[in-house]
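Structure first, then comments.
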Amino acid sequence: MSGVQLKNCSDAGGGQNVGWVDAGDWMIYPVDLPFAGDYTVSYRVASQNGGGHFRLDANAGSVIL
46 MSGVQLKNCS DAGGGQNVGW VDAGDWMIYP VDLPFAGDYT VSYRVASQNG
96 GGHFRLDANA GSVIL
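Going letter by letter, the sequence shown gives residues 46 to 110 in the numbering used here.
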């Protein structure tokens with residue numbers, strides 16, 4: 046993660062934005078799910094210059110979004 050930085054955001058409830066992501070950067074968020082079944086993943090992404098991709102890796106394989 047050479048370029049990734051966090052910035053406080055102005056969303057209701059606060060929080061942080063992830064920004065300044067350079068080619069080759071990545072982040073990992075481990076999630077333990079207590080039960081087998083279907084789950085919904087919500088996310089919001091933006092790009093100043095367009096392009097890029099978002100990838101979700103799961104035990105069942107990778108999903109490119």
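All C-beta atoms in this analysis are idealised placements derived from N, C-alpha and C, irrespective of residue type, glycine included.
> Considering only C-alpha positions, which residue in the set 104, 49 and 48 is nearest to residue 77?
Replying inline: 104
> By Cβ distance below 8 Å, which residues in the same chain neighbour residue 54 in space, the five residues on each side in sequence not counted?
Replying inline: 60, 61 and 62
> Can you tell me whether DSSP reads residue 67 as helix, strand or coil?
Replying inline: coil
>> Whole angstroms are fine: how far does the CA of residue 71 sit from the CA of residue 46?
In response: Residue placement at residue 46 is flagged as unreliable, the pLDDT there being 47, under the threshold of 50; a coordinate-derived value is accordingly withheld.
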